[in-house]
Structures are given as structure tokens and as C-alpha cells.
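Worksheet for the structure shown next.
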Amino acid sequence: MTLDIRSITRAYDGGSPALDDVNLTVREGEFLALLGPSGSGKTTLLRIMAGLDRPTRGQVSFNGEDFLALSPRERRVGMVFQSYALFRHMTVADNIAFGLKVRPRGSRPSRADIARRVDDLLRLIQLEGYGSRFPSQLSGGQRQRVALARALAIEPRLLLLDEPFGALDARVRRDLRRWLRDVHEQTGVTTVLVTHDQEEALELADRVAILKDGRIEQIDAPQALYEHPASAFVHDFLGEGLQLRAVVDRGEVVSQDWRGAAPADAPAGDALLCIRPEDLEAGDGGLVGVVMSNQRRGDRTRVAVSLHGRRLELDRCAADPLAGLQPGAPVRLVPRRFHLLSSDRSQFLEKTG
Ligand code: ADP
Ligand code: MG
């Protein structure tokens with residue numbers, strides 16, 4: 001069971017297309033996140049998967065079947081949006097049962113089966129005993145759990161979530177995030193989550209597709225994206241980091257006041273040196289910087305350093321030599337690990353296999 005998106009373009013009159021020749025395979029049972037800034041095309045791609053929008057060009061198939069020829073209901077997808085979209089005049093149980101009750105008589109489960117299914121789902125979303133309440137009697141987080149149960153009631157072949165926690169406060173978001181991952185593990189349903197929150201994507205998903213201007217910049221497992229970004233955009237979007245111009249020459253990489261051994265496969269010439277703050281250590285011959293602030297919190301110390309015009313936050317334990325430095329102190333920082341992008345690799349296509 002795979003969903004194949006092939007050469008999908010979605011153009012509107014005037015302006016650049018919302019999606020521009022997108023290729024993507026969603027694998028059976030996986031949790032895939034579509035991550036990108038606002039306006040990058042995430043919602044458009046999800047709506048095309050759901051059948052709520054049609055591409056200008058390209059194919060969408062599910063197990064080889066042409067998905068574009070099917071109505072949203074025939075596709076059997078479950079959807080959850082940011083706005084709760086529950087039926088206010090229906091109880092929680094009736095909301096969850098809705099997708100089953102509206103089925104044509106031939107395929108509709110019996111009343112007893114529907115009641116049993118609703119009970120199972122109430123247990124799954126940890127709202128046992130809440131079936132007879134109305135949405136107005138629930139918190140925001142509880143309503144989104146009901147919305148998820150309603151989407152799961154039809155036993156969807158594909159679960160599509162568009163910023164489902166976007167309207168909730170940070171604490172509830174974090175709790176629901178963990179809970180959603182548990183639900184995914186229990187149900188095994190193939191899931192696509194749209195988010196602009198990189199932490200949410202990296203924590204929840206098996207793979208993350210990074211969108212920018214209607215194109216997929218890179219798709220890979222969270223750790224691989226973090227450690228091997230294919231473009232400066234991906235490196236910058238996925239967390240704190242430093243990007244410096246560098247030159248690779250005779251097995252060495254040279255940037256500003258630092259030089260080190262280049263990776264064996266690095267081509268000679270101009271490159272972009274990408275460094276994560278946790279990979280910087282105080283040391284001789286390192287990049288020249290100056291300490292801006294030093295804040296102790298519990299057993300950690302946050303040291304802000306200005307390095308070649310960028311401010312970097314370094315999170316250190318109390319024993320780290322950097323933790324003892326006061327504002328104004330000069331510092332030299334050696335990258336223990338880094339990632340090089342050669343200048344012609346700003347474009348990147350999905351790695352297959
Ligand atoms: P995201 O969900 O990543 O924020 P969207 O998929 O909603 O992005 O939008 C991608 C681009 O398509 C945006 O530039 C947006 O303005 C444009 N767009 C979306 N829907 C329409 C529409 N109905 N008419 C015209 N342009 C649209
Ligand atoms: Mg959106």
C-alpha cells in the first residue's frame with residue numbers, strides 16, 4: 001500500500017505555482033511529515049491527496065489505482081484540520097460515529113457495531129465516559145482528540161493531518177504530540193502530517209519532507225536531515241546553526257581563521273561550511289568569537305557567542321570550559337563535526353530506495 005505522487009504541479013492564475021513538479025512516495029504504515037514555511041505548498045499537497053483539490057498536471061496513485069479518478073469518500077481518507085470542525089449540535093459519540101452512519105445502507109455497520117467502534121475509539125483517545133458530552137464541554141486538546149477519533153472511525157487507508165495542534169498552547173501541543181505517536185503505533189495507519197514546526201516534525205515522523213516554494217528540497221529520516229542537509233535552506237530551517245563560506249583545497253577545508261581536514265569525497269573549490277552549535281568546542285586554532293552572555297539554568301549554562309556576525313547559543317554542562325567564560329571574553333571554537341555543501345548543490349531531488 002503506497003501513495004505515489006508523480007510530477008504534481010498546481011498552478012493558480014498569476015504568480016508562481018503552489019506546487020511545482022513534486023514527486024513523493026508515502027510508504028505503507030509510515031508517519032510522514034510535510035514541513036516547510038508558510039506558503040510553501042503543504043496544505044495544497046495534502047488537499048490533493050485528500051481529493052479536495054485537483055492538480056494542474058501529474059498523477060496520484062494508491063497501490064497502482066488512479067486516485068484522481070476517485071471522490072474524497074471513495075479514497076477513504078481521514079482528515080483532521082487545525083480548526084476543530086466538530087458538529088456542535090452532536091454529542092462526542094455521534095461526532096465519532098458520523099462517517100459510519102452516513103454510509104449507504106449496504107456498507108453501513110449495524111447500530112451495535114457502530115456503538116462498539118465508538119467505545120473502542122473513546123478508549124484509544126483516552127476519553128472513556130465522554131461520549132454523551134457536547135464539544136462545547138471539552139477543552140481544545142480534547143476536541144482535537146475527538147476530531148482524530150472521527151477521522152479514524154471509517155478505518156481510513158490514509159490519515160491526513162493539517163496543523164492539527166496549531167491552535168493549542170505549547171504545553172498541550174507537546175503532550176498531544178507524544179500521544180499522537182502512540183496512537184500511530186497502535187493503529188499502524190499510514191499518516192501524513194502537515195506542520196511548520198520543525199520540532200514537531202522531527203519528533204513525530206519516520207520521514208520528513210522539507211518543502212520550499214512548492215518544491216521538495218529534501219526527504220529523509222529526521223536524524224539524516226539534521227546531520228546531512230542537502231541545502232543551506234534545510235540546514236537553516238532544521239535548527240540552530242552556523243553557515244560560513246569556505247574553500248576546499250588539497251585535502252583541507254579553510255574558513256575564516258580555521259582550517260581542518262576535508263572529507264575525502266569533498267570536491268575542491270568553494271563550499272558552504274555548516275556547523276551545529278553542539279559540535280563546537282573551545283580549542284586552539286578555532287574560529288574567532290566573543291562571548292555575549294552567560295546564563296546558568298540548573299546544571300546547564302547557555303553561552304551566547306558572536307562568531308563572524310552570527311549569534312550562536314551554546315548549551316553546555318557546568319564542567320565545560322565555555323561555561324566559565326564571562327561576557328566580553330574572546331573565544332576560539334573548533335568544529336568537531338561539520339557538513340560541507342559544495343556550491344553547485346543548492347538543488348536537490350528526492351533520494352529513492
Ligand atoms: P502552506 O500550507 O505551506 O502554508 P499553501 O499550500 O496553503 O501553503 O499555499 C501555497 C501557495 O499557494 C501560497 O502562495 C498560496 O498563496 C497559494 N494558494 C493557495 N490556495 C490558493 C488559491 N485558492 N488561490 C490562489 N492561490 C492560492
Ligand atoms: Mg497550510
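The opening position of the sequence shown corresponds to residue 1 in full-length UniProt numbering, with each subsequent residue numbered one higher. Glycine included, every Cβ here is placed at the ideal spot set by N, Cα and C.
### Query
Shortest alpha-carbon distance to I125 belongs to which of P104, L70, K42 and D182?
D182
### Task
Could you pull out every residue in the same chain whose Cβ sits closer than 6 Å to the Cβ of S61, ignoring the five residues on either side in sequence?
D4 and F67
### Message
Checking the sheet assignment: what are the DSSP bridge partners for M79?
### Response
L160
### Message
According to DSSP, simplified to helix, strand and coil, what is H184?
### Response
helix
### Query
If you follow the alpha helix (DSSP H) that P55 is part of, which residue opens it and which one closes it?
No alpha helix (DSSP H) holds P55; DSSP gives it neither H nor E.
### Query
For S71, does the three-state DSSP call read helix, strand or coil?
The three-state reading of DSSP puts S71 in coil, since its state is none of H, G, I, E or B.
### Query
Could you give the C-beta distance for V247 and A282, rounded to a whole number, given that I count them as a contact under 8 Å?
Incorrect: roughly 24 Å between the Cβ atoms, too far for contact.
### Task
Would you tell me roughly how many angstroms separate the C-alpha atoms of R198 and L204, rounded to the nearest one?
Rather than Arg, the amino acid found at residue 198 in this sequence is Gln. C-alpha separation (whole angstroms): 10 Å.
### Message
Taking the alpha carbon of V80 as the reference point, which residue from L168, L148, C274 and R116 has its own alpha carbon closest?
### Response
L148
### Task
Can you check the region 235 to 265 for any beta strand (DSSP E) of at least 3 residues that lies completely inside it and give the ranges in chain order?
242 to 249, 252 to 255 and 258 to 261
### Message
Are there any heavy atoms of ligand 1 lying less than 7 Å away from the beta-carbon of residue 383, as far as the coordinates show?
### Response
Residue 383 is absent from the structure shown; the chain starts at 1 and stops at 353.
### Message
Here's a check: name, in chain order, each residue in its chain whose Cβ is nearer than 6 Å to the Cβ of G214, leaving out the five neighbours to either side.
### Response
Excluding sequence neighbours, G214 sits near P17, A18, L19, D20 and G41.
### The alpha helix (DSSP H) enclosing Q198, as first and last residue numbers
Per DSSP, Q198 belongs to the alpha helix (DSSP H) from Q198 to L204.
### Query
In whole angstroms, what is the alpha-carbon distance linking V290 and A232?
25 Å
### Query
By Cβ distance below 7 Å, which residues in the same chain neighbour A85 in space, the five residues on each side in sequence not counted?
Listed in chain order, the non-local C-beta contacts of A85 below 7 Å within the same chain comprise A147, local neighbours out to five positions each way being set aside.
### Query
Just reading off the beta strand (DSSP E) that V192 is part of, what are its end residues?
T191 to T195
### Query
According to the neighbour-count rule (16 or more other Cβ atoms, all chains shown, within 10 Å of its Cβ), is F87 buried or exposed?
exposed
### Query
Taking the C-alpha atoms as reference points, what is the distance between D162 and L35?
11 Å
#### Entry: For L160 and I114, the rounded distance between their alpha carbons
22 Å
#### Entry: alpha helix (DSSP H) segment containing G141, residue limits
G140 to A153
#### Entry: Rounded straight-line distance, which links the Cα of F31 to that of A209
Rounded to the nearest whole angstrom, the CA to CA distance from A209 to F31 is 11 Å.
### Message
Can you look up P109 in the DSSP assignment and give me helix, strand or coil?
### Response
coil
### Message
Suppose you measure from the CA of C317 to the CA of E278; what does that come to, to the nearest Å?
### Response
11 Å
### Query
Are the Cβ atoms of A230 and Q218 separated by less than 8 Å?
Result yes, Cβ atoms of A230 and Q218 sit closer than 8 Å.
### Query
How big is the Cα-Cα spacing for G286 and N294?
20 Å
### Message
Within the continuous beta strand (DSSP E) that includes Q223, where are the two ends?
### Response
It is not in any beta strand (DSSP E) - Q223 instead sits in the alpha helix (DSSP H) that spans P222 to E227.
### Same chain, Cβ closer than 6 Å to V118, neighbours up to 5 away in sequence not counted
A93, I96 and A97
### Query
When you compare only the Cα positions, how much space is there between T352 and L211?
In this prediction, T352 has a pLDDT of 28, which is less than 50 and means its spatial position is unreliable; nothing more can be read from the coordinates.
### Task
Please find out if some non-hydrogen atom of ligand 1 comes closer than 7 Å to the beta-carbon of G58.
Not one heavy atom of ligand 1 falls within 7 Å of the beta-carbon of G58.
### Euclidean distance between Cα positions of D206 and Y226
13 Å
### Task
Pair every Cβ in the region 136 to 144 with every Cβ in the region 169 to 186, then say whether three or more of these pairs are closer than 8 Å.
yes
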